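Worksheet: the structure to be examined is printed underneath.
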Amino acid sequence: MGGETGERSRGQSRRLPDFLQSVNLKYVKLGYHYLITHLLTLLLIPLMVVILVEAGRTDPNDIRQLWLQLKYNLVSVLVFSAVLVFGSTVYIMKRGRPVYLVDYACYRPPDRLQARFTQFMEHSRLCGNFNESALEFQRKILERSGLGEETYVPDAMHYLPPRPSMAAARAEAEQVMFGAIDKLFRSTGVKPKDVGILVVNCSLFNPTPSLSAMIVNRYKLRGNIRSFNLGGMGCSAGVIAVDLARDLLQVHRNTYAVVVSTENITQNWYFGNRKSMLIPNCLFRLGGSAVLLSNRSADRHRAKYRLIHIVRTHRGADDKAFRCVYQEQDENEKVGVSLSKDLMAIAGDALKINITTLAPLVLPISEQLLFFATLVAKKLFNAKCKPYIPDFKLAFEHFCIHAGGRAVIDELEKNLQLQPIHVEASRMTLHRFGNTSSSSIWYELAYIEAKGRMSRGHRVWQIAFGSGFKCNSAVWQALRSVKQSPEGPWEDCIDRYPVEIHDGIPVSQTQVLQH
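With the first letter of the sequence shown counted as 1, position 321 gets the number 321 in the UniProt record's numbering; the numbers rise by one all the way through.
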């Protein structure tokens with residue numbers, strides 16, 4: 001009985017908490033605070049529309065009589081003018097510049113870097129670093145991971161023994177970043193000298209000179225470019241990088257921002273036997289993305305999306321959350337990233353806070369009222385009713401959930417009450433490319449485009465988790481019916497997807513794994 005209880009508690013710790021059970025009122029207040037900060041804009045726009053409509057209906061004789069009356073009442077004219085000027089000034093100052101996503105590119109590694117399951121396990125055995133227990137553990141993780149047979153690992157990992165040198169890590173970074181940026185410049189026709197802002201994020205590889213400096217040097221970007229290099233921020237850093245670029249685009253007029261998201265595997269492969277540190281070896285794969293943002297009004301007609309909201313949640317003040325994804329040395333001084341058994345529960349708490357803050361910004365009024373009414377009834381009147389979990393399918397047509405692993409996708413599908421088609425892009429990205437860290441949400445968006453599902457006005461929710469612990473959301477709206485860009489990552493394989501997956505294992509792989 002004790003064994004069964006322990007197994008049940010361990011299983012629960014690996015699941016997201018049930019969002020139906022608890023919602024913290026202070027995070028609802030934070031979401032409504034965001035809503036209230038935009039209240040002036042929301043009130044002024046309908047008021048101006050009403051005034052224009054009424055003015056159109058007014059008889060010319062009535063307008064003439066009004067003019068004659070105002071001509072002899074200078075005080076009224078001055079007060080009205082002052083109010084009009086003040087209101088217009090406040091509106092213009094508070095209104096942020098629109099940020100457009102012109103295009104993006106995802107790196108597609110060459111086929112020679114693919115790591116098939118049998119090859120992965122044989123390579124792990126021959127390198128001599130893993131004992132039998134560690135090898136068996138990795139085999140079981142691979143079987144249930146949701147990854148397919150065509151994911152990629154860097155050149156250094158294909159050698160026996162592996163060659164995780166600094167030179168190899170630089171070569172991997174250049175291969176991924178330059179591969180994505182080259183495609184981006186080709187597809188958009190933007191010249192490198194036109195880029196005024198550069199933001200690069202990579203958690204585990206931060207050399208000197210920085211990755212952003214490597215890009216500046218390669219493309220001979222201009223000398224006054226605002227460049228930033230974000231490190232150690234985990235798989236949600238891609239949204240953080242977009243947020244930073246958005247803030248910079250509010251200050252610097254008429255320019256482009258390039259956001260590059262990647263992770264480096266070469267020097268961060270774990271060669272020890274601690275099981276909590278072996279999981280990243282099985283899930284993380286080679287990949288990266290480059291995104292072109294613009295605040296130029298002339299780019300609206302050719303841009304794919306407009307950025308609507310970004311909501312960031314940071315749980316780093318909590319010690320358990322801070323240490324749940326932690327780079328450290330094991331007992332044999334082998335460096336790796338350890339994943340806590342409480343990771344899913346911590347991710348669930350961060351997600352709950354994030355979506356509670358996001359909800360007032362994106363949900364229809366009907367959903368907000370139901371949500372708020374049940375919450376107030378529970379908090380103030382101690383009513384025995386579950387909080388109403390809003391239907392986010394009414395706010396978004398598409399969901400790009402970070403492809404961190406099968407369990408994450410499963411739990412979000414369940415807790416957000418999504419349909420299989422809503423998580424299809426995440427599952428297929430995990431299957432085809434593995435966990436490419438912060439760039440995975442762009443491979444997912446590319447999947448939706450390649451399937452021809454993105455129409456004008458559609459809203460997309462990108463959501464990602466990262467060490468620290470963080471949960472970040474970005475909301476985009478399509479400005480047109482978006483088709484797959486040339487040289488897209490799914491260009492030659494989209495017709496093969498979706499594949500059928502049973503219990504984490506693609507049906508086509510079942511026979512392979514049995515052997």
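Here a beta-carbon is modelled for each residue, glycine too, at the ideal position from N, C-alpha and C. All of these numbers come straight from a predicted model, not from anything done at the bench.
- With respect to Ser439, Ser261 sits close: the two C-beta atoms are nearer than 9 Å.
- Counting along the chain, the unbroken alpha helix (DSSP H) around Ser440 starts and ends at Ser440 to Ala450.
- Going by beta carbons, Asn229 and Asn206 fall inside the 9 Å limit.
- Sorting Gln119, Ala134 and Met121 by C-alpha distance to the C-alpha of Lys275 places Ala134 at the top.
- In this chain, the alpha helix (DSSP H) harbouring Cys282 covers Lys275 to Leu283.
- Of the candidates Ala321, Val499 and Met277, the residue whose Cα lies closest to the Cα of Asp330 is Met277.
- Val99 is positioned such that its CB atom lies no closer than 9 Å to that of Leu361.
- A direct Cα-Cα distance of roughly 28 Å separates Cys127 from Tyr107.
- Distance from the CA of Arg218 to the CA of Leu211, rounded to the nearest whole angstrom, comes to 11 Å.
- A contact between stretches requires three or more CB pairs, one per stretch, nearer than 8 Å, and the stretch 426-438 fails this requirement with the stretch 154-172.
- In this structure, the beta-carbon distance from Thr313 to Ala350 falls below 9 Å.
- No Cβ-Cβ contact shorter than 9 Å links Phe130 with Phe284.
- By the C-beta density criterion, Val83 is exposed, having fewer than 16 other C-beta atoms within 10 angstroms.
- Just measuring C-alpha positions, the residue of Lys334, Phe399, Gly223 and Ile181 sitting nearest Lys193 is Gly223.
- Here Gly234 is near Ser467, since their CB atoms are less than 9 Å apart.
- Looking only at Trp461, Phe185, Ala450 and Asn268, the smallest Cα-Cα distance to Ala169 is reached by Asn268.
- Scanning the stretch 330-402 for uninterrupted alpha helix (DSSP H) segments of 4 residues or longer gives 343-362 and 365-380, listed from N- to C-terminal end.
- Of all C-beta pairs linking the stretch 321-339 to the stretch 447-458, fewer than three are shorter than 8 Å, placing the two stretches out of contact.
- Annotated as proximal: Asn472 and Ile310, with beta-carbon spacing under 9 Å.
- For the options Thr151, Gly405 and Glu444, the alpha carbon positioned closest to that of Ile421 is the one of Glu444.
- Within the same chain, Cβ atoms closer than 6 Å to the Cβ of Val176 are found at Tyr107, Thr262 and Gly288, the five residues on either side in sequence being excluded.
- Take the alpha-carbon of Ala245 and the one of Leu221: they are about 17 Å apart.
- In terms of Cα proximity to His123, the closest of Arg144, Tyr159 and Ile308 is Tyr159.
- In the DSSP assignment, Thr208 falls outside any beta strand (DSSP E), carrying neither H nor E.
- Annotated three-state conformation of Asp103 is strand, per DSSP.
- Bounds of any alpha helix (DSSP H) do not take in Val499, whose DSSP letter is neither H nor E.
- Annotation for Ile409: the continuous alpha helix (DSSP H) segment containing it runs Arg406 to Asn415.
- When the Cα atoms are used, Ile389 and Ala373 turn out to be separated by approximately 11 Å.
- With fewer than 16 neighbouring CB atoms inside 10 Å of its own CB, Ala167 falls in the exposed class.
- A direct Cα-Cα distance of roughly 36 Å separates Leu412 from Pro162.
- Shown here for Leu142: same chain residues with a beta carbon closer than 6 Å to its own, the five before and five after excluded, namely Phe117 and Cys282 in chain order.
- Counting along the chain, the unbroken beta strand (DSSP E) around Phe228 starts and ends at Arg226 to Leu230.
- Cβ-Cβ separation between Phe392 and Leu416: approximately 6 Å, consistent with a contact (criterion under 8 Å).
- Val53 and Ala298 have their C-alpha atoms some 29 Å from each other.
- Residue Ala425 holds the alpha-carbon nearest to the alpha-carbon of Asp410 among Ala425, Phe396 and Glu397.
- Judged by DSSP in its simplified three-state form, Tyr256 adopts strand.
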